[in-house]
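Position one of the sequence shown corresponds to residue 11 (my numbering), numbered consecutively onward. For each residue, glycine too, the CB sits at the ideal point set by N, CA and C.
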Amino acid sequence: QAQRFFDSDYGFRIDRENSTVYISTILQPIRTWYGLEFEDHYATDLLFKDKEPPVRALLNFITNYISPSEVNYLQTANYNVRYIPYDWTLNFVGADRL
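Put into structure tokens, the structure is as follows:
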């Protein structure tokens, strides 16, 4: 399911023309107990050095689910990270079939 999410425009996309990486707001790093645990597990000092540790952790996690060319872009390009507003109606897709 993570693969499908990151393959969709509402989960993740790269705008190379504007040097912007878009990630769903639902994944926006927050420094809660869970967020810090996620950061401890996925943050790395080896990659994404120009980003804050919570964002490094998120980018590192995402690289497990995107194409090699997208991973290369994340690891080598200079870009800003922006967040896509979460579409709560996605929670109701297929709800009428329950």
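Residue i: first and last residue of the uninterrupted alpha helix (DSSP H) it sits in
{"i": "Tyr20", "result": "Counting along the chain, Tyr20 falls outside any alpha helix (DSSP H), and DSSP gives it neither H nor E."}
{"i": "Tyr93", "result": "Careful: Tyr93 lies outside any alpha helix (DSSP H), inside the beta strand (DSSP E) at 90 to 94."}
{"i": "Ile40", "result": "From DSSP, Ile40 is part of no alpha helix (DSSP H); its letter is neither H nor E."}
Residue i at chain B interface by Cβ criterion, 8 Å
{"i": "Ser34", "result": "The displayed structure is made up of one protein chain only, and chain B is not part of it."}
Nearest-angstrom Cα separation, counted from residue j out to residue i
{"i": "Leu57", "j": "Ser34", "result": "21 Å"}
{"i": "Leu46", "j": "Asn28", "result": "30 Å"}
{"i": "Pro98", "j": "Ile76", "result": "The residue you asked about is not Pro; residue 98 is Trp in the sequence shown. In a straight line, the C-alpha of Trp98 is about 23 Å away from that of Ile76."}
{"i": "Lys59", "j": "Gln38", "result": "18 Å"}
{"i": "Arg14", "j": "Ala53", "result": "23 Å"}
{"i": "Tyr89", "j": "Thr30", "result": "5 Å"}
{"i": "Ala7", "j": "Asp55", "result": "In the structure as shown, the chain begins at 11 and stops at 108. Residue 7 is therefore absent and cannot be evaluated."}
CB of residue i within 8 Å of CB of residue j, strictly
{"i": "Tyr32", "j": "Phe16", "result": "no"}
{"i": "Gly40", "j": "Glu80", "result": "Looking at the sequence shown, residue 40 is not Gly but Ile. No, these two residues do not count as a Cβ contact at 8 Å."}
Residues that residue i bridges to, as DSSP identifies them
{"i": "Ile33", "result": "Phe22, Tyr93"}
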